[in-house]
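I have placed the structure first, in the form of structure tokens, so that the comments after it can refer back to it.
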Amino acid sequence: MFHSRCRRSWLQCLENKIVTVLAGVVAFLDMNRNLDIIRDMPSDHWAHILWLRILHSPPACQLHYKDLLSPETRQELGEIIPYNTGVHGIPFTAELPFSWLLQQLIESALTNAENSRLQESEEISVEHAKLDLVGRVILDTPYGNLLNAVSAERGSNQREIIMAYVKDFVHTKYPCSSPKKHQILCEALEISSRQARMDITSLDLMPALVAVHCTHSLVMGRLQAFQDIEQVWPQVLDAVCQMREQGGHALLNTEELTLDVLGLLLLLEQLEPQKEQLNKEKGRAEWLEKVKTFSPVIQRIFDSIDNMALGLGSVCLGHMTGARCLWTRVVTMKLFLESFSAKGSKENKKVSENLVARCMPLWQLLGEKADLKKIQSLEKVEKFLITVNRAVLQKLSEKLGSCSYCTSPFEAPPVVLPCRDKICQKCYNDLLALDDHCCPKCHRGIPADFDKYAASAQKDISAEHHCYQRCCNTFLMSVVSNLCFGGDTAPEDAVIERILTYITRKTSSQGLGVSERLQTKQMTVFDDLVDPTPVVRSFLLKLLIQKSDEHVQQYLDEFLQQAERLCHQKAQHNSGILQFSLMVIQCLEDQLHETAAMEDFDIEMKMATRSISLAVQYIASPAIDMAKMHVIANARFGLMTAAKYLHMLVTEEAITKSSVFTKMLRQAKELIEMENFDWSRKFFLKQLCREFGTDSYHRICQWDETRWLALEDPTNKGKECADRYIVCSVDYQKIRDMVAKTLLGENMTHLETMLMEMASPLIRMHLFLAIHREVTLKYVQPDVQQDQALAKAVENLQTFADNTKSIGNANDLHQLLQNRFGQQTPLLNFQLGQSLRDQSILCMLFHFSLVLRNCPEKKNFLHPLIAMATNPALFTNSYLPTMPQDDLSQIRQVLTGVVYYRCPRGHPYAIGECGRPYTESRCNECGSRIGGTNHTAATGNVQDSGVDQTKTGHILGDANQRPNISPSERKLSSQACALLRLLTHAALLLGCDVNTQAVSSMVQPPAVYDVCLFFWNHIQKDIEQLHRCVGKSVDDIFLLLHFIFHQISDGTRGVAIGTTPVTLSTKQEREEWEERFAGIFISPCLQVSQP
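Take the sequence shown: its letters are residues 29 to 1119, numbered as in my numbering.
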């Protein structure tokens, strides 16, 4: 009995071991349904024979026992999953036995061959030398040897073997949704090999198999283009198959790859508009949406097709020209419909209704050879606009008539002169340009205060017609920028000459004895829209500068000369010359900045050094010409760049001092200290303060190597930050001025009387702000303790506080007067010689504290911030605003078929294919090492357990670990997130003065130093992030914050009171509160702050 039981146990153990191993062997053999070959093929078929020979050859099969073990435990796997090598894990049935092994061999050999120096000769190219070299390498492998032997034995089966490999190869590169698509891609690869002169059907077996890979490397971009087309329009496959069945198309009867071009043409045909479709608003919206969906794919193909490794053949090139013309027609129609969209005023809607139904003639006018870089197509657009203009005016005024002077038909509502003569807008503009105040027909006088709009026959008609012309101008500018000047090639000469006529016109003297003059126009084909100032707009100038190759340069010079004549036309108005000069300088400067933006720090600083060096030599020249404008543009660019890197070095400490920086700074100093020329210093300091704030300027002036920048002694201490409380209201300003007067000895009763007369509910807040500004801030001064006048004023204010009931708790004012706002946190009080940045932060914190304590009607909605500042113990287990959260559960619902892991710091990432790590990378969030090798996860990386790991409290870590760019969280933009995060940190820092232990318990991981300093550093980081993402100076950021505080305290900005305080006890509640807070207080303020 005992031996029998042992035998059964032993057999069971053996069976478990063998079954596991056998399962692994079967899974390996059935990769890509490899077992189907041995099952379905007859025994004398080459695939059946090859399959068995590989199985019997361990070196060829490459199956090892270690591959069946778990990489973590080195034990047999408990579960075996058959693998496949199809792209995105899509299974397929292999045609060539163990083809994945051959694919790995060829890819490895090609990688090694890339490092070999292959010699080209008259008899053989480098590509064919590579085919021969890699082919011999594969032939020497056990798999290659077996394959070659089977092919030689079976004689005529070489092509069948090659095509079987092609079919398997395509499955590993492209998702084949149907057998038809698979067949089309295989044929495309075969045709491409012939076009690339690596015909897989004429080469020997091994070189032919290698040629499959080499051909694909050349053609993969074009095949991917077809994939992209299918992605946005899945019906393209059926359309191609239908064309193949019908036959006869030139793209189907050629020995070159045409699949991508054919797909592009079919896609563009879907965008051909139909009259019935565009006549209805719903149809137009659907057509525009389709264009919007297809546009990225189409534009990407046009942009990349010329750079493909396997270029277009002659047949494809001809059809690509037609495709570009068709796309030009589509884009032109799209721009027209968008320019005349029914948005805004009643006139806009009328214009839209009148015109969108008339756009089909534009499609027909452009024709099949539309090319807006050629004058013929541009003239057709002009003709369409002018024709429609007449039709619109006819509909508006019923009977047009003609001009009393030039007899031309009216193309705009006529101007009715006091003498009752009706003249066209063009003739009236000529009178203004020639300074002629007489009717050109009867020569009667025209009063100086004559208003042509008031005198128009139909004022409403004029407004509607001008609305139409504005839409036309918008359309024309879009056509010029997107189609005439779009792409890499410049338009032809005639197009540029014609476009110049859109912005200038000549007056017609008609024998009045006055010489002709030039006038500028808004970018338009109509002569009546004259620019009231003699300044050519910069729109065309920028386009010409961007295309400043030899082909365009002559027109740029002509344009600038013409514009200069316009300025000198009224030489008494120097503002015209100044505006023109500034416009040219800004365009040239923009070009320098765009070039520098593509370079690294050192190259940009070298560019700045060269620009400043050029300015040093020529900027003092009295001449005003194009050469001088180039010099000024270089000076501005160089000084702006120097200011940026000086700020990065001294204030942000983001870069280190280098020889390149030193040379740039030395050159800038030479320009700034030029004798009798102070523009450079003024511009540099203005740029430094405007972009980075006055605090940055003062810190730079205190740096030993830039003390020469200071306008006064940089060692002078006791500077006070600017008063940003001024954004509150006029009441604050009045109270502040009265407090200042009391410091100078004025009777305190005047302040008391003013407070009694004011009816604002925010009087107490404004008084505290005024005292904080005028009294408490004095503690940064070095002689504050010896200031007897200040001490007397403080004593009087303390007495005033004790005797004035409207102030409330007098103790608060006593603490403020003694610079003890922070009772347990000295960090909240002003310090002797404190920097302007730190002073500004303290003022921001004080204002924020007052707002949170004086908004009773909004206390429930603002409860999260109020509680963190006044009773932080209530929020120790809450989800704090803007803190990151674990969204993996939502991601799982969208992205399936992958295994999720977490980096050492808990950030999730996904692994596809088999779901086990086989390569290493870096975490996008924290930079930790993720992934692994040999199916073994890197240290600290673990598979996700599926449990939500969102944490309560503050989880950002130390401030210096945060990125310089503000991220977005949930539904918050990066700007809104940065602002709300700063308010959260400010509230927590204020809470430290109430309950430091409660605030400390919120920090995860725990702060390694003083928690007050911890949040102070986070506020500093928030300010830097806001400076970058909002695009404003630090001074402006502080101003924005105080403006937000004012909006919160404003009683007119309503917030639903709510019956219970917001507690942020769930992730959902936090997300909803963040969105509401940003929508009510942050977004409107950001919009107002934009120029």
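Just so it is clear, CB atoms sit at the ideal spot from N, CA and C, and this is done for glycine as well.
| Item | Value |
| --- | --- |
| When you compare only the Cα positions, how much space is there between residue 58 and residue 239? | 27 Å |
| In the DSSP output, what is residue 430 paired with across the bridge? | 437 |
| Buried or exposed for residue 116, please, with buried defined as at least 16 other CB atoms from any protein chain shown within 10 angstroms of its CB. | exposed |
| At the level of alpha carbons, what is the spacing between residue 101 and residue 964? | Because residue 101 sits at a pLDDT of 49, beneath the cut-off of 50, its placement in the model cannot be relied upon, and the following sentence gives the value as read from the coordinates. If you take the alpha carbons of residue 101 and residue 964, they lie about 10 Å apart. |
| Taking contact to mean 3 or more Cβ pairs, one atom from each stretch, closer than 8 Å, check whether the region 691-702 and the region 1040-1051 are in contact. | no |
| Using the beta-carbon count (16 or more within 10 Å), is residue 113 buried or exposed? | buried |
| Under the rule that 16 or more other beta-carbon atoms within 10 Å means buried, what is residue 68, buried or exposed? | exposed |
| For residue 957, report the span of its beta strand (DSSP E) as first-last. | 957-961 |
| My understanding is that residue 982 touches residue 1016, with C-beta atoms under 8 Å, so please give their C-beta distance in whole angstroms. | 7 Å |
| Would you please state the rounded distance, in angstroms, between the beta carbons of residue 437 and residue 451? I believe it to be under 8 Å. | With a Cβ gap of about 13 Å, residue 437 and residue 451 do not count as contacting. |
| From residue 7 to residue 204, what does the alpha carbon distance come to, in whole angstroms? | Residue 7 lies beyond the stretch modelled for the chain, which goes from 29 to 1119, so this question has no answer here. |
| So what's residue 1108 in DSSP terms, helix, strand or just coil? | helix |
| Mind checking residue 87: buried by the 16 CB within 10 Å criterion, or exposed? | exposed |
| Of all the options 610, 641, 680, 689, which has the alpha carbon lying nearest to the alpha carbon of residue 631? | 689 |
| Determine the DSSP secondary structure at residue 964, reduced to helix, strand or coil. | strand |
| Would you report the Cα separation of residue 767 and residue 871, rounded to the nearest angstrom? | 17 Å |
| Could you check the C-alpha separation between residue 522 and residue 195 for me, to the nearest Å? | 53 Å |
| Using 8 Å as the threshold, is the C-beta distance between residue 358 and residue 319 below it? | yes |
| Does the ligand SAH have a heavy atom nearer than 7 Å to the CB of residue 807? | Ligands are entirely absent from the displayed structure, and the ligand SAH is therefore not among its contents. |
| If contacts are defined as beta-carbon pairs under 8 Å, then residue 312 and residue 330 qualify, I think. What distance do you get, rounded to the angstrom? | At roughly 25 Å, the Cβ-Cβ gap does not stay under 8 Å, so residue 312 and residue 330 are not in contact. |
| Kindly confirm or deny that the region 958-975 and the region 930-945 touch, where touching means at least three C-beta pairs closer than 8 Å. | yes |
| Where does residue 341 sit, in a helix, a strand or coil, going by DSSP? | coil |
| Looking at C-alpha atoms only, which residue of 156, 123, 126, 122 is the closest neighbour of residue 138? | 156 |
| Of the residues 721, 135, 414, which one's Cα is nearest the Cα of residue 496? | 414 |
| When you compare only the Cα positions, how much space is there between residue 829 and residue 841? | 7 Å |
| Checking 8 Å against the spacing of the C-beta atoms, do residue 289 and residue 214 come in under that value? | no |
| Taking the beta carbon of residue 687 as the centre, do at least 16 other beta carbons fall within 10 Å, making it buried, or is it exposed? | exposed |
| Nearest CA to the CA of residue 1063: which residue from 1098, 722, 660, 792? | 722 |
| Assign residue 409 to buried or exposed, taking buried as 16 or more other Cβ atoms, counted over all protein chains shown, within 10 Å of its Cβ. | buried |
| Would a C-beta distance cut-off of 8 Å place residue 1038 and residue 852 closer than the cut-off? | no |
| Between which residues of its own chain and residue 367 is the CB-CB distance below 6 Å, once the five residues before and five after are set aside? | 499, 502, 503 |
| Per the contact definition of three or more C-beta pairs closer than 8 Å, is the region 817-828 in contact with the region 774-781? | yes |
| Tell me whether residue 955 is buried or exposed, calling it buried when 16 or more other Cβ atoms sit within 10 Å of its Cβ. | exposed |
| Could you tell me if residue 392 is buried or exposed, where buried requires 16 or more neighbouring beta carbons within 10 angstroms of its beta carbon? | exposed |
| Following the continuous beta strand (DSSP E) through residue 801, name the residue where it begins and the one where it ends. | It is not in any beta strand (DSSP E) - residue 801 instead sits in the alpha helix (DSSP H) that spans 791-802. |
| For residue 1039, report the span of its alpha helix (DSSP H) as first-last. | 1039-1058 |
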